[in-house]
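This report refers to the structure that appears directly beneath it.
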Amino acid sequence: MGQEGIRELNDFLYNLKKNFSPNLILLFGSRARNEYLKESDYDFIIVSEKFEGVHFLKRIEQVLLFWTINQDVDILPYTPEEFEKKKQEIGIVKEALSEGIILEDKFPERAAVY
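Plus 60 on top of the position in the sequence shown (first one is 1) and you've got this note's numbering.
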């Protein structure tokens with residue numbers, strides 16, 4: 061990723077923080093493992109109380125308004141309660157927590173339980 065891509069990623073993160081006040085932003089997948097190809101997508105889990113009462117697909121739509129990088133992106137937007145439940149299940153969230161990079165965490169003291 062060049063300087064322009066880094067700037068765009070920082071802008072994306074800034075806008076997420078400004079608009080969603082996320083409890084957690086987690087980058088996971090090949091980019092977090094540093095095993096990505098030029099065309100690899102970005103994978104994010106975003107946990108925010110502002111997703112309460114918003115349909116899952118609408119949440120994705122809202123987040124994608126701020127994605128300007130010319131790469132595909134997968135967004136998993138959860139409320140804190142949904143995220144706590146998903147952490148206990150075998151699946152993508154549990155895997156993401158084991159390999160991901162935390163970009164924002166309002167509760168860093170809980171990082172040990174991820």
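C-beta: ideal position from N, C-alpha, C; glycine also. Keep in mind the model is a prediction, meaning the values are calculated, not measured.
request  = Return the bridge partner residues of Tyr102 from the DSSP annotation.
outcome  = As a position in the sequence shown, residue 102 is number 42, starting the count at 1. According to DSSP, which records beta bridges pairwise, Tyr102 is partnered with Val133.
query = Does the Cβ-Cβ distance between Arg93 and Glu159 come in under 9 Å?
reply = In the sequence shown, residue 93 corresponds to position 33, counting from 1. In the sequence shown, residue 159 corresponds to position 99, counting from 1. Yes.
request  = Please specify which runs of the alpha helix (DSSP H), each continuous and at least 4 residues long, are wholly inside the region 66–117, giving them in chain order.
outcome  = none
inquiry  = DSSP three-state label for Glu141, please.
reply    = One-based indexing of the sequence shown puts residue 141 at position 81. If DSSP states are grouped into helix, strand and coil, Glu141 belongs with the helices.
ask   = Since Tyr138 contacts Val107 with CB under 8 Å, what's their CB separation in whole angstroms?
value = Walking along the sequence shown from the start, residue 138 turns up at place 78. Walking along the sequence shown from the start, residue 107 turns up at place 47. The Cβ separation is near 5 Å, so the contact holds.
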